[in-house]
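A.B. asks: My structure is below; once you've seen it, I'll send some questions.
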Amino acid sequence: MRIIEAKNYEDMSKKAAEIIAAKVVLHPNCLLGLATGSTPVGTYQNLVKKYNDGELDFSKVRSVNLDEYKGLSGEHEQSYRYFMNTNFFDHINIDKSNTFVPNGLTEDSLEGCKQYNELLHSMGAVDLQLLGIGGNGHIGFNEPSHEFKKEVHCVQLAESTVEANARFFASKEDVPKYAYTMGIGNIMSAKTILLLASGKEKANAIYESFFGPITPKVQGSILQLHTNVIVIADEDALSIAKEKGVF
Ligand code: F6R
Numbered sequence: 001m002r003i004i005e006a007k008n009y010e011d012m013s014k015k016a017a018e019i020i021a022a023k024v025v026l027h028p029n030c031l032l033g034l035a036t037g038s039t040p041v042g043t044y045q046n047l048v049k050k051y052n053d054g055e056l057d058f059s060k061v062r063s064v065n066l067d068e069y070k071g072l073s074g075e076h077e078q079s080y081r082y083f084m085n086t087n088f089f090d091h092i093n094i095d096k097s098n099t100f101v102p103n104g105l106t107e108d109s110l111e112g113c114k115q116y117n118e119l120l121h122s123m124g125a126v127d128l129q130l131l132g133i134g135g136n137g138h139i140g141f142n143e144p145s146h147e148f149k150k151e152v153h154c155v156q157l158a159e160s161t162v163e164a165n166a167r168f169f170a171s172k173e174d175v176p177k178y179a180y181t182m183g184i185g186n187i188m189s190a191k192t193i194l195l196l197a198s199g200k201e202k203a204n205a206i207y208e209s210f211f212g213p214i215t216p217k218v219q220g221s222i223l224q225l226h227t228n229v230i231v232i233a234d235e236d237a238l239s240i241a242k243e244k245g246v247f
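Written out as structure tokens, the structure reads:
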């Protein structure tokens, strides 16, 4: 595991974009695992800039996303499909038919999970999986639990996650309560994992995930067992690890 300290959000985003860009240059037909949320927005912006500067070609790149709210269509402004289109895909030359996000409108949860899981298996190993991390240590929407779920599943969002995500909705009541998410096994089968964290509200999650015991109560802690993890965290996100003298 490599932990790279970034000065701040901008610096984290630049460094992350460099790593993803290098993957696309080396493997033009790579499979990227992508994330939504506030954390990767700057990374996507940097990648779009590199594309506009003629440095990158996404025409053969394929992508799979970590998760999607259950009940939201891809046209809903808070859906993760909409996020991916507006923050990234609409601005680069990726073939959208090669980009995959769980279908939030599949009502039958078992069927929704089965479909996305089969799709993931059919695509082969993800070359580089981008991750953010929740304040409670969640990755994807794998919330604190007594177990690590292996494959795609439908999860009830933790109260703290609903509250954290309410900022994007008119009210807390409008935040969907369930989501489809890749399981920990799906995430761990990526060849490389790139986890980003910025801000003091992530400091405890970073400390517990990378310097604490491996436990499903902090789902990110499982990443300590992956052989190729890169963490780019800014000074604030590393503040507790530094205070405790472990970084
Ligand atoms: C997003 C995802 C989540 C977020 C996490 C952090 O696809 O799977 O695990 O990465 O909730 O969210 P932000 O970046 O908004 O702090």
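Taking the numbering used here, I'd label the letters of the sequence shown as residues 1 to 247.
C-beta: ideal position from N, C-alpha, C; glycine also.
Note that the structure is a prediction, hence the values are computed from the model and not measured.
In chain order, what residues of the same chain have a beta carbon less than 8 Å from the beta carbon of Asn29, not counting five sequence neighbours either side?
C.D. replies: Within the same chain, Asn29 has close Cβ partners Lys60, Val61, Arg62.
A.B. asks: Where does Ala197 sit, in a helix, a strand or coil, going by DSSP?
C.D. replies: Ala197 falls in the strand class under three-state DSSP.
A.B. asks: With distances taken from each beta carbon to the nearest heavy atom of ligand 1, which residues come in below 5 Å, in chain order?
C.D. replies: Going along the chain, the residues that qualify are Ala35, Thr36, Gly37, Ser38, Thr39, Leu66, Asp67, Gly132, Gly134, Gly140.
A.B. asks: Hey, Leu66 and Asp127 are a contact pair by Cβ (cut 8 Å); roughly how many whole angstroms apart?
C.D. replies: About 15 Å; that fails the 8 Å criterion.
A.B. asks: Go through its chain and collect everything with a Cβ distance to Lys14's Cβ below 6 Å, but skip five positions before and after it.
C.D. replies: Result list for Lys14: Asn46, in chain order.
A.B. asks: If you draw a straight line from the alpha carbon of Gly135 to that of Thr161, how long is it in whole angstroms?
C.D. replies: Near 8 Å, if we compare the C-alpha coordinates of Thr161 and Gly135.
A.B. asks: For Tyr9, I'd like the list of residues in its chain whose CB is within less than 7 Å of its CB, leaving aside the five on either flank, ordered along the chain.
C.D. replies: Counting only Cβ-Cβ distances below 7 Å, and skipping sequence neighbours, we find Gly42, Ser198, Asp234.
A.B. asks: Where do the ends of the beta strand (DSSP E) carrying Val64 lie?
C.D. replies: Segment 62-65, the beta strand (DSSP E) holding Val64.
A.B. asks: Rounded to whole angstroms, what's the CA-CA distance from Asp53 to Thr39? Just pull it up for me.
C.D. replies: The straight-line gap from Cα to Cα measures roughly 23 Å.
A.B. asks: I'd like the list of long-range same chain contacts for Val24, defined as Cβ closer than 7 Å, with 5 residues on each side in sequence excluded.
C.D. replies: The residues are Cys30, Leu56, Phe58, Val61.
A.B. asks: Compute the Euclidean distance between the alpha carbons of Lys244 and His76, then round it to the nearest angstrom.
C.D. replies: Roughly 43 Å between the two C-alpha positions.
A.B. asks: Beta carbon of Cys154, beta carbon of Tyr116: below 7 Å?
C.D. replies: No, the pair does not count as a contact, with Cβ atoms beyond the cut-off.
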